[in-house]
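Protein chains: 2
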Amino acid sequence: MLKKIGIPQETARRLSLYLRSLRRLGQQGVDLASSEEITGFLNISPAQFRKDLSYFGGFGKRGVGYEVKVLRKEIEKILGTDVIWKIVLVGVGKLGSALLGYRGFVEFNLQIVVAFDNDPGKIGKIWEGIKIEDISKAKKIIKKNKIKIAILSVPAQAAKELSKELVSYGVKAILNFAPINLVLPKNIFVSNVDMASELESLVYKLKRS
Amino acid sequence: MLKKIGIPQETARRLSLYLRSLRRLGQQGVDLASSEEITGFLNISPAQFRKDLSYFGGFGKRGVGYEVKVLRKEIEKILGTDVIWKIVLVGVGKLGSALLGYRGFVEFNLQIVVAFDNDPGKIGKIWEGIKIEDISKAKKIIKKNKIKIAILSVPAQAAKELSKELVSYGVKAILNFAPINLVLPKNIFVSNVDMASELESLVYKLKRS
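Chains A and B are the protein sequences, given in the same order.
Counting in our numbering, the first sequence runs from 13 upward without gaps.
Counting in our numbering, the second sequence runs from 13 upward without gaps.
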């Protein structure tokens, strides 16, 4: 039984780690697992794990452990990844093409169905099983397939305009790799991944230590 | 004059965005810039910009604006990227090889000097100007070059052991792309980039909206 409440971002992130652990255990043929077995690999404490699950009601049986398959499905349901989500990727540069082949997305039922670029040398090609279409077709393809999620891996200069266009086509959530803040309507969800800035903040900490 | 105080993570992140903006303005030949010119592109408010800078003392002149080159150098000094930092990359899979070519790091004086892998088909190759060495040579190379920062782009299964080894060779900061929590001594800095989990948390928000 899931309680319909908001959960902290960090909890959601850990849930996705538990999910990966459960999937791994399932692949190894494990049916029942203790909280230690589920979390040990992740380096998260069993106490934290139990606390996180308590948001959604109890799952495990004391002394028996967790049914791997059942818990996996419950967490997928909580996270919304019990169904396949179609995603577009915009910008097939070096990073974008690496993302096309990134298996981590597929694990979560996140499926890149099409990629867009404006480079005639790339348009029409199929990379990692995903067709690269002309960015000018984005409107038609996104609307037709009712796609709600986009990965934006274009240079900073292009990100501002493109993000607005994507939203106007119906995109509601953007995973943004361009190093700028996107300004979009309040009902649009944006998650920023800025690798250089992450690395640079490590330098900052190192320097001060 | 820099005050020697800790600054919030978010401020450090914005400083790195300002830095990119200042570099861009410098390339365009701009000598003096207003806070609006520096922040407009980033979609950060001028007020936020002035507040962030106020941590370190005043830089701009009222009515005149900021000297682009001077402010760039000051921020580099604050962030520690006024000198080149040597970095190793461990794991030249799809993501790792994209990171080898990622220009965002170079902009911050973050220089990947060598990459490691255990795949005989990759060892000895030079990709993006960076030599791929056998992981068995990591100890010698990291120690000899006194490298403090590593990018870890290996599968989850390998990350736990490898991170410990890197630390034992002298690495003090790790940018971790593997989807597990690394458990390392308190004096080691770790920054996690988990793209699938970011995307998955967007799905979670979408589903609840």
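A virtual CB, placed ideally from N, CA and C, is assigned to each residue, including glycine.
Just so we're clear, the structure is a prediction, and the values are computed from it rather than from any experiment.
- Secondary structure at residue 123 of chain B: strand, using DSSP grouped into helix, strand and coil.
- When beta bridges are read from the DSSP output, residue 129 of chain A appears opposite A/146.
- According to DSSP, residue pairing for residue 79 of chain B in a beta bridge involves B/44.
- In the three-state DSSP reduction, residue 99 of chain B falls in the strand class (E or B).
- In this structure residue 92 of chain A does not touch residue 129 of chain A by the C-beta definition: roughly 29 angstroms separates them, more than the 8 angstroms allowed.
- For residue 190 of chain A, the secondary structure class from DSSP, reduced to helix, strand or coil, is coil.
- Identification of chain B residues near residue 93 of chain A by a Cβ-Cβ cut-off of 8 angstroms yields 212, 215, ordered along the chain.
- Residues of chain B whose Cβ lies closer than 7 angstroms to the Cβ of residue 203 of chain A are, in chain order, 210, 213, 214.
- At the C-beta level, residue 171 of chain B and residue 178 of chain B stay beyond 8 angstroms of one another.
- Contact between the segment 106-126 of chain A and the segment 154-164 of chain A is present: three or more C-beta pairs spanning the two stretches fall below 8 angstroms.
- Residues of the segment 187-201 of chain B that bring their beta carbon within less than 8 angstroms of a beta carbon in chain A comprise 187, 191, 192, 193, 194, 195, 199, 201, in sequence order.
- The beta-carbon of residue 55 of chain B is placed less than 8 angstroms from the nearest beta-carbon of chain A.
- For the options B/205, B/153, B/114, B/189, the alpha carbon positioned closest to that of residue 181 of chain B is the one of B/153.
- Just so you know, the alpha carbons of residue 148 of chain A and residue 174 of chain A end up roughly 11 angstroms apart.
- Taking a C-beta cut-off of 7 angstroms against chain A, the contacting residues of the segment 114-146 of chain B are 114, 116, 117, 119, 120, 122, listed in chain order.
- Below the 7 angstroms Cβ cutoff, chain A contributes 191 as neighbours of residue 32 of chain B, in chain order.
- Listed along chain B are 214, 215, 217, 218, each with a C-beta nearer than 8 angstroms to that of residue 185 of chain A.
- In chain order, 107, 164, 165, 205 place their CB closer than 7 angstroms to the CB of residue 189 of chain A, counting only its own chain and leaving out the 5 sequence neighbours on each side.
- Contacts with chain B (Cβ-Cβ distance below 8 angstroms) from the segment 99-112 of chain A involve 99, 106, 107, 109, 110, 111, listed in chain order.
- The alpha carbon of residue 62 of chain B has as its nearest neighbour, out of B/143, B/138, B/76, B/47, the alpha carbon of B/47.
- Assigned with DSSP and collapsed to three states, residue 56 of chain B falls in coil, not helix or strand.
- From the beta-carbon of residue 24 of chain A, the residues of chain B found nearer than 7 angstroms are 213, 216.
- Taking 8 angstroms as the cut-off, the beta carbon of residue 55 of chain B is found no closer than this to the beta carbon of residue 199 of chain A.
- For residue 202 of chain A, the three-state secondary structure derived from DSSP is strand.
- The three-state secondary structure of residue 214 of chain B, taken from DSSP, is helix.
- CA-to-CA, the gap between residue 21 of chain A and residue 110 of chain B works out to about 28 angstroms.
- If you check the CB distance, residue 201 of chain A and residue 184 of chain A come in under 8 angstroms.
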